[in-house]
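Under my numbering, think of the first position of the sequence shown as 70, with each following residue one higher. Cβ coordinates follow ideal geometry from the N, Cα and C atoms, glycine included. None of these values were measured; they are calculated from a predicted model. Structure first, then comments.
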Amino acid sequence: MATVHLYQGRRWLGWYNAPGSYTIAKRFGRMANSRFWDGLFPGPNDCPVVSFGLDGKKGPQYIAALSGTTLKRGIWEVEGKEIAGRKTTPVNVAYLVMKNVDYKAPVKLIPFKSALWGLIPITVSVVTCIMCALVYDWFNFSMILIGVLTSGLASAFIGKGKLVIKSVSQPASGAPPGDGILIGEDGVVVIKGMERDVNAITKGRFDLLTDSTQATCEYRAIGVCSLLHLVQFLFQLLLVPQGTLFGQTMFLVSLGMSWGILFETLGNPEMRRFRAGTRTTMAVFACLLLFNGVERSSQENDRENRDKILKSCIPNDTDVWRRWREKVVKQLLNISPGSNSLPYLVINEGDLALPESDKMLLKQLLEDAQAAFTGYFHIRGQLVVDGSHQ
């Protein structure tokens, strides 16, 4: 029921006997915003987006490279091309370049042919209903029929809204590009593009649009449908045991087949995917992707921006890690277009005073950084540079 807005034509394919009538009534009945419905379905009057579970969940942190924005949003795991180097706990890195986002365009729904799977439970519900009538089991016949009508009406009314994306589509004039990274426990996503386009991911949310003049009536209609589900639940407790064994079996078959309608994942945007052997390599590689093609500003700002990203990925703040970040930032700021040399990622005279264990650690961390740079040099000619820096 909660996926009715994700499929084309799904609202008209809900005519089958489905389990969970009490759960549906309790969940969606709170959308009806009046004292009468609040008495039947106590609790907060959730908006449709919350009731349908489209409001998203708490996710990883988003760090903007140029504008300074820090947010928490959702993310998923990715796999991709291996980056050579030391391996401890592999970390995923995704590189996504945002194109011009049309906020007025409707959300792309799952094709209608996927929704046609709903014909299977519809057919089974009709057949089992007829079978109960043939053996004169009117108790289970009526329960299956009530379930079909209740589910169908609820799908028709609940699916009336139009799914759209709401976000900050018009950021402040002069806002810098929205380039940044989404940091998760098992990986990061490097996002590049204009602020308004990146906002679709970092600040975007689903919303259901309805005719404002009819919104209250629609919510009341949903309340009526929820009440029917509640009545159906009570009748099932009372009448199904009164039927024959054959009729009860047909009733259970009609419920079981309705599980054939499953969730499908909405299509993800195309992207380049990589897999780093260590989190250290991931941090450097993500930084290289993030600032690929970005025009330089002042020396101080460039240094701070890159250091901020490295600290966000790896917040360690010992002397060894500070030295490592300083060397990596210097190398990031001195990448030659036609050269693959890495003169700053080496142990120098100032590091010789470190204890032997710290020198070994620093050497290992620098090798991880070298692996990230080497992987970047191999693919930098293939990377798509967004137009926000041109």
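Figure out for me which residue from the options has the closest Cα to the Cα of residue i.
| i | options | result |
| --- | --- | --- |
| I152 | T192, Q439, L303, L82 | Q439 |
| R341 | I252, K261, Q368, R96 | K261 |
| F110 | S295, M263, V257, L203 | S295 |
| A94 | K156, I191, E373, L222 | L222 |
| I359 | Y445, K428, L423 | It should be pointed out that residue 359 corresponds to Leu in this sequence rather than to Ile. Closest by alpha carbon: Y445. |
| L476 | D420, R104, S224, R449 | With the chain covering only 70 through 459, there is no way to say anything about residue 476. |
| K229 | L188, G450, W81, T192 | W81 |
| I383 | I191, P406, G362, F354 | F354 |
| W84 | S194, V160, F105, Q451 | S194 |
| G154 | G346, L430, W390, S381 | G346 |
| F226 | K168, T197, F97, T92 | F97 |
| I189 | T92, N86, Y164, M263 | N86 |
| L307 | N209, N385, K396, D248 | N209 |
| Q433 | I191, C198, R392, G292 | R392 |
| T443 | V196, N385, P424, L411 | L411 |
| M263 | V363, T192, T92 | V363 |
| H447 | I191, L423, N409, E425 | N409 |
Just verifying my parser: in three-state terms, what is the DSSP assignment at residue i?
| i | result |
| --- | --- |
| C286 | In this prediction, C286 has a pLDDT of 48, which is less than 50 and means its spatial position is unreliable; what the coordinates show is noted afterwards. Residue state, collapsed to three classes: helix. |
| A422 | coil |
| R344 | strand |
| L69 | The requested residue 69 is not part of the displayed model; the chain covers only 70 to 459. |
| Y445 | helix |
| N161 | strand |
| G83 | coil |
| V259 | strand |
| L411 | coil |
| V166 | strand |
| E151 | strand |
| I252 | strand |
| R104 | helix |
| K156 | coil |
| F360 | coil |
| P406 | coil |
| P190 | helix |
| T219 | helix |
| V204 | coil |
| G228 | coil |
| N417 | coil |
| L335 | Residue confidence is low: L335 scores 30 on pLDDT, short of 50, so the model does not pin down where it sits. No coordinate-derived value is stated. |
| S367 | coil |
| F110 | coil |
| I383 | coil |
| L465 | Because the chain in this structure spans residues 70 to 459, residue 465 falls outside the shown range and cannot be described. |
| L299 | helix |
| L452 | coil |
Kindly give me the distance between the Cβ atoms of residue i and residue j, rounded to whole angstroms, as I take these residues to be in contact under 8 Å.
| i | j | result |
| --- | --- | --- |
| L435 | L414 | 5 Å |
| E162 | V257 | The sequence as given places Val at residue 162; Glu does not occur at that position. Contact flag correct, Cβ pair sits at about 6 Å. |
| F302 | S90 | 4 Å |
| V259 | I250 | 5 Å |
| L379 | A441 | That belief does not hold up - the Cβ atoms of L379 and A441 are roughly 11 Å apart, past 8 Å. |
| F304 | M200 | Contact flag wrong, Cβ pair sits at about 19 Å. |
| L430 | V389 | 5 Å |
| V160 | M351 | 4 Å |
| L452 | N361 | 6 Å |
| D437 | T349 | 4 Å |
* Would you say the stretch 197-208 touches the stretch 218-225, given that touching needs at least three Cβ pairs under 8 Å? -> Contact fails: fewer than three Cβ-Cβ distances are below 8 Å.
* **Contact the stretch 363-377 vs the stretch 415-423: 3+ CB pairs below 8 Å** => With the cut-off at 8 Å, the stretch 363-377 and the stretch 415-423 do not touch.
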